[in-house]
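In UniProt numbering, the protein residues as written are 1 to 208. From the three backbone atoms N, C-alpha and C, an ideal C-beta is built for every residue, glycine too. In this text, all values refer to a predicted model and were calculated from it rather than measured experimentally.
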Amino acid sequence: MSRLRLLKCYIYRNRRNRRKETNVDSMEEKIRRIQAGDAHLFSDVIRLYQQRIYLYCFRLLNSREEAEDAVQDVLIKAYQNIGQYKPQADFVSWLYKIAYHHCLNQLRRQKFQLQLRELLRQEVAVNSAEQMVENRLFSEPVSAALGKLNVEDRNLLILRIYEDKSFAEIGEILGVSTATARKRYERTKGKLKKVLERKEKQLWTRVN
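Below, the structure written as structure tokens:
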């Protein structure tokens, strides 16, 4: 049984013998009640955010299996540390912050960047110009370019482009000001543009 399933079972046990909820609470109100002891309400957090956090972790870790483990760890950490959440902060940003630091630590442990650089050095065999053009049309050049960036820069782009986070939310997740988050994003976007331009030149050099 997975750790997340065990957590769900624990929450279910705490739900028994409680009166049925009649009002739909806002998430902030649910969190306040969870902090006060209504552990069964954390099942709503799992239901609402499990898939979103999984996709976020998957984009950072680039592995389905690692993302599945990560989302369990992140939600369990959130449950264990729910008392540290302050209502002044946005709960979703707080959750993403836990996910980011969890994935960052995992990437560092696995020396992910070193492994990635080794993979990028490998030459891809191309049988013909037609095959190269076909690969160019149906592959994900942006994903490949993201792999060229370090995890901090990649995280910025994922939060902004894939997760559609505002600069205020990104700043809260990263622990920096909104202005700093915006500047870092613009700088990182410039890096990505250069990587894509280089890949484009390499593509057409090989085709021609």
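With the cut-off set at 8 Å, would you say LEU159 and ILE173 are in Cβ contact? Cβ atoms of LEU159 and ILE173: closer than 8 Å.
Please say whether LYS191 and LEU149 have beta carbons closer to each other than 8 Å? It is a contact, given that the beta carbons lie within the stated cut-off.
What separation, rounded to the nearest whole angstrom, lies between the Cα atoms of GLN88 and ASP153? The alpha-carbon atoms of GLN88 and ASP153 are separated by roughly 27 Å.
Among the residues of its own chain, which have a CB less than 6 Å from the CB of ILE170, if the five just before and after it don't count? Result list for ILE170: LEU159 and ALA181, in chain order.
Taking the alpha helix (DSSP H) that TYR96 belongs to, which residues open and close that run? For TYR96, the enclosing alpha helix (DSSP H) stretches over residues 91–109.
Decide if TYR49 is buried, meaning its Cβ has at least 16 other Cβ atoms within 10 Å, or exposed. By the neighbour-count rule (16 or more Cβ atoms within 10 Å), TYR49 is buried.
Which residues bound the alpha helix (DSSP H) around ILE34? 27–35 is the extent of the alpha helix (DSSP H) around ILE34.
Same chain, Cβ closer than 6 Å to ILE53, five either side skipped, listed in chain order: Excluding positions up to five away in sequence, the list reads VAL71, VAL74 and ALA99.
Kindly indicate which three-state DSSP category GLN88 falls into: helix, strand or coil? Correct three-state label for GLN88: coil.
Span of the alpha helix (DSSP H) around TYR56: Run containing TYR56: 42–61, per the alpha helix (DSSP H) assignment.
Limits of the unbroken alpha helix (DSSP H) element including GLU65: Its alpha helix (DSSP H) spans residues 64–80.
Quick one: give me the first and last residue of the alpha helix (DSSP H) that ARG160 is part of. Counting along the chain, ARG160 sits inside no alpha helix (DSSP H), nor does DSSP assign it H or E at all.
How is the alpha helix (DSSP H) around ALA39 delimited, first residue to last? For ALA39, no alpha helix (DSSP H) segment is defined, and its DSSP state is neither H nor E.
Just to confirm, is the Cβ distance from LYS86 to HIS102 under 8 Å? No, they are not a contact pair.
For the alpha helix (DSSP H) that LEU149 lies in, which residues bound it at each end? Counting along the chain, LEU149 falls outside any alpha helix (DSSP H), and DSSP gives it neither H nor E.
Report the rounded CA-to-CA distance for GLU186 versus GLY83, giving the unit in angstroms. Near 35 Å, if we compare the C-alpha coordinates of GLY83 and GLU186.
Along the alpha helix (DSSP H) that carries GLY171, what are the first and last residues, could you check? Counting along the chain, the alpha helix (DSSP H) containing GLY171 begins and ends at 167–174.
Straight-line gap, PHE42 to ILE31 (C-alpha atoms, nearest Å): Distance between the alpha carbons of PHE42 and ILE31: 8 Å.
Considering only the beta carbon of each residue, do GLU28 and PHE91 sit closer than 8 Å? Yes, the Cβ-Cβ distance between GLU28 and PHE91 is below 8 Å.
Buried or exposed: which applies to LYS183, given that a residue is buried once 16 or more other Cβ atoms fall within 10 Å of its Cβ? Exposed, by the Cβ-count rule.
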